[in-house]
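Read top to bottom, the protein sequences are chains A and B.
So the first sequence is numbered by our numbering: it starts at 78 and just counts up by one.
So the second sequence is numbered by our numbering: it starts at -4 and just counts up by one.
For each residue, glycine too, the CB sits at the ideal point set by N, CA and C.
As the structure is a computational prediction, the values presented were derived from the model and not from experiment.
Scroll down for the structure; my scribbles are underneath it.
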Amino acid sequence: MSDLVLPLFILGVIVYGLIRGIGVYDVFLEGAKQGLRSAVSVLPCLIGMTSIIALLVKSGALAALGSWCAPALRMLGIPEGSLPVLMIRPFSGSATLAMLDETFRRYGPDSAEGLAASVMMGSSETIFYTLPLYFAAAKVKRSRYAIPAALIAWLAGGVAAAWALRL
Amino acid sequence: MMNWIWAGVAIIGIVWGLITGQQAALSQGVMQGAMDAVGLCVKLAGGFALWSGLLAILERGGAMESMARITEPLMRRLFPGTGLKARQSIAMNMTANLLGLGNAATPQGLEAMRRMGAEASAAEPNETATDAMCMFLVINASSIQLFPTTVIAMRAAAGSASPASIVAATLAASGISTLAGVAACVLLRNLFWRRRA
Chain A
78 MSDLVLPLFI LGVIVYGLIR GIGVYDVFLE GAKQGLRSAV SVLPCLIGMT
128 SIIALLVKSG ALAALGSWCA PALRMLGIPE GSLPVLMIRP FSGSATLAML
178 DETFRRYGPD SAEGLAASVM MGSSETIFYT LPLYFAAAKV KRSRYAIPAA
228 LIAWLAGGVA AAWALRL
Chain B
-4 MMNWIWAGVA IIGIVWGLIT GQQAALSQGV MQGAMDAVGL CVKLAGGFAL
46 WSGLLAILER GGAMESMARI TEPLMRRLFP GTGLKARQSI AMNMTANLLG
96 LGNAATPQGL EAMRRMGAEA SAAEPNETAT DAMCMFLVIN ASSIQLFPTT
146 VIAMRAAAGS ASPASIVAAT LAASGISTLA GVAACVLLRN LFWRRRA
């Protein structure tokens, strides 16, 4: 089922473009150029984050954190190895990217940990980056219940990620 | 805030490693980490470019405007008290997010916020977020993406047998997270954060 999604999506996009009378290849190239640029633009953050996270991993601090949290996580059904991705998700997109890569490296992308971490990354956003940015645009200083509500959504997403994979 | 987190992670890692006697692993690991980042970026670039290219076709075809029209009734429900202009930006932002067009979503989202801010301060000038702003922010922060493009590209780069296998689960999880966020907004504003009229 999942293997059908990608080819069908691409097919759909191309057919849609043709129906709309778009020069599909030309527009594709324009978009691809922008995609390349954004991949390059995240590189400095990525270097900063992967090297720092390597310190956390190699020192054994991350493993220690995982084993402290293990009982609570097991109760929620979250694999221990996917915890770091979940924890860092609200703070930084590139740090999550680096942590996800580390999780893949250690457990493999198709392991329970790798799958859960993949879903966690995709099911939430960078709350503590989005919130100040957006409220600044609205010229708002008091955010009322926005942070607690966003954190509730984040936690629900994390637990749902672990559960959704079992179905 | 990122400055503190970055410094904190580094300090915890180094101090913990020194206490447990891992200095060799630390110095080797930090260099390796920096080099891995470049490799990861190169691998990601292919997936990024492919997706951005495909999504550019959708964007050029007017898919975002169509979505804004279709979703207008829902928008009016979710964001009561907002003007049509603000709701249009909201709808465009959500569609861009849904499609994974981060580059298009953020400017639209900021525009939506700016318009909501202008409307709110025209009604009553103060610096407190309205219910519609909080709702919009929480929906944005809980992510609503049909295709987790970055994750798929990362999985492919890591040699997954089936990089897109997480699409259905991600959709379910982000749907639940968004619903939880909307519910939390409604609940919290009625329980604790009533706006003084």
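{"Query": "Short Cβ contact (8 Å threshold) for alanine 164 (chain B) with valine 196 (chain A)", "Result": "yes"}
{"Query": "Local conformation of threonine 90 (chain B) per DSSP, three classes", "Result": "helix"}
{"Query": "Member of B:Pro75, B:Pro143, B:Ala178 and B:Leu69 whose CA lies at the smallest distance from the CA of leucine 94 (chain B)", "Result": "B:Pro143"}
{"Query": "Own chain, CB closer than 6 Å to alanine 194 (chain A), minus 5 neighbours either side, in chain order", "Result": "Ser159, Val162, Leu177 and Thr180"}
{"Query": "At least 3 beta-carbon pairs within less than 8 Å: the segment 32 to 40 of chain B vs the segment 115 to 124 of chain A", "Result": "yes"}
{"Query": "Top-ranked residue by Cα proximity to glycine 191 (chain A), from B:Ser157, B:Gly12 and B:Ala58", "Result": "B:Ser157"}
{"Query": "Boundaries of the alpha helix (DSSP H) in which aspartate 187 (chain A) is found, first to last residue", "Result": "It is not in any alpha helix (DSSP H) - aspartate 187 (chain A) carries neither H nor E in the DSSP assignment."}
{"Query": "Same chain only: Cβ atoms within 8 Å of leucine 242 (chain A), ignoring 5 sequence neighbours per side", "Result": "Ala189, Leu192, Ala193 and Val196"}
{"Query": "Interface residues of chain A facing leucine 50 (chain B) [CB-CB closer than 7 Å]", "Result": "Gly108"}
{"Query": "Cβ shell of serine 200 (chain A) (< 6 Å), same chain only, five flanking positions each side left out", "Result": "Gly234 and Ala238"}
{"Query": "Beta carbon proximity, glycine 143 (chain A) to chain B, threshold 8 Å", "Result": "no"}
{"Query": "Proximity winner among A:Leu244, A:Gly94, A:Leu95 and A:Ala131, relative to threonine 173 (chain A) (alpha-carbon distances)", "Result": "A:Ala131"}
{"Query": "Interface partners of glycine 137 (chain A) on chain B, CB under 8 Å", "Result": "Trp11, Gly12, Thr15 and Gln17"}
{"Query": "Rounded distance between the beta-carbons of glutamate 202 (chain A) and asparagine 200 (chain B), thought under 8 Å", "Result": "Because chain B spans -4 through 192 in this model, residue 200 (chain B) falls outside it and cannot be assessed."}
{"Query": "Contact list for threonine 173 (chain B) against chain A, beta-carbon separation under 7 Å", "Result": "Ala230"}
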